[in-house]
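Asker: Counting in the numbering used here, the sequence shown runs from 33 upward without gaps. Even for Gly, the Cβ is constructed at its ideal location relative to N, Cα and C.
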Amino acid sequence: MIKILTIIGARPQIIKAAALSRAIKNSFSERIEEKILHTGQHYDSTMSDVFFEEMNIPKPHFNLNIGSGKHGEQTAKMISGIEQILLGEPFDAVVVFGDTNSTLAGAIAASKIHIPIVHIEAGLRSFNMAMPEEINRIVCDQLSTLLFAPTETAVKNLENEGFFSSKSIFKDGNNRQVFHSGDIMYDNSLYFAEIAEQKTDILQRLNLQNQDFVLATIHRDNNTDNPERLTAIIEALIEIAEKTKIVLPLHPRTKKLLPENLSKEIHDKLQYNSNITIIPPASFFEILVLEKYSQLIMTDSGGLQKEAYFFKKPCVILRPETEWVEIVEQQAGIIADADKQMILSAFEKLSQSKPSFPPVFGDGRSAEFTLNKIIEVFG
């Protein structure tokens, strides 16, 4: 029996871990035992017991309750807490997802005591070293034994960085290996899409019809904390709202900063616009339904960019770059950054185009592929 410790800390990681746990329960329970560690990096009410129960996610066996803090302080506390768990009982491998501080901490803690690291969502690069996530993902890739890249571009990034010719040998004798696995979030989008419609009535509550609204989200600090960038995005949304409804789920941080970083005039135009519906942070099921029935998505979230593609929705990307270059290559998304005119132009172009959505993110069975490879290597 292979014993793994899955480390999560933020809501997207919990959702990704759900796909892995579900595959273990359904097909690998006789070969793999999983324990889950929640660092407590992020907490909100949607991560309560109800959230885990509704999505049928196993509750964490360990919770460090770290909470928020400065990057170094938060990461240091996580490393210490994870190390104690790893020293307390034997694990054959540690599984980490993506690029959060929890991912970095898990990789560092495991590497120091020579426990193999499995990195899901490896090889993603924005090439923007000002992003904390870019630092986290690069360090984690360098420390990992098995790297599961979701796209061909991610595989190519790792190849360009020398991972395929690496001479590194870990303490257990394993070499570093890279696999093109597909995207584990695609597994979940397929699985939960129909369930979501039974779990929420958000379309009815907001009086929305199929494809008669735009879904917009803003949460990255380089957008919310910069008055000039935030103003440009909001002004563009206000102008787009003259043509179509907009649904804007507000991250708590964004909600707090809107009145601070917008002029009173622009803030009032946003708040009192009858065609812009501002709602609290949407649950996972709510956001899936909104994505599925929107006409277009505008976001600075990497996860929503992908989910837009999964649901065959065009996407205006409110960032200067994207890790998911396939979306842009397929002309299903346009990088508009926080430039008002670029946002408006991208909206017009995507509203009138009919992009194709070939299956660049795999076949929806990434979790099963990953677990089979774990068994091959560690079994």
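1. So, S176 versus I147, is the Cβ gap smaller than 8 Å?
2. With DSSP collapsed to three states, give me the class of G396.
3. For M136, I'd like the list of residues in its chain whose CB is within less than 7 Å of its CB, leaving aside the five on either flank, ordered along the chain.
4. Ignoring anything shorter than 4 residues, give me the alpha helix (DSSP H) runs that lie fully in the region 158-219, in order along the chain.
5. What does the Cβ neighbour count give for G120, buried or exposed, with the cut at 16 atoms within 10 Å?
6. Counting along the chain, where does the beta strand (DSSP E) carrying G365 start and finish?
7. At what residues does the alpha helix (DSSP H) containing I375 begin and finish?
8. Evaluate contact between the region 197-206 and the region 220-237, counting only Cβ atoms and requiring at least three cross-stretch pairs below 8 Å.
9. In angstroms with no decimal places, state the Cα-to-Cα distance between F342 and A370.
10. Measuring straight from C-alpha to C-alpha, what distance separates K109 and L240?
11. In its own chain, which residues sit with a C-beta less than 6 Å from the C-beta of I140, not counting the 5 before and 5 after it?
12. Only counting the same chain, and skipping five residues up and downstream in sequence, which positions put a Cβ closer than 8 Å to that of L96?
13. With H, G and I counted as helix, E and B as strand and the rest as coil, what does DSSP make of T276?
14. Are D257 and L289 close, meaning C-beta to C-beta below 8 Å?
15. With 16 as the cutoff for other CB atoms within 10 Å, does H151 come out buried or exposed?
Answerer: Taking the coordinates as given:
1. no
2. coil
3. Residue identity check: residue 136 is Leu in the sequence provided, not Met. Once the five neighbours on either side are set aside, the close Cβ partners of L136 are T107, N168, V171 and C172.
4. 164-175 and 184-192
5. exposed
6. G365 to I367
7. K372 to Q384
8. no
9. 24 Å
10. 44 Å
11. I111
12. L69, H70, T71, G72, K109, M110, G113 and I114
13. coil
14. yes
15. buried
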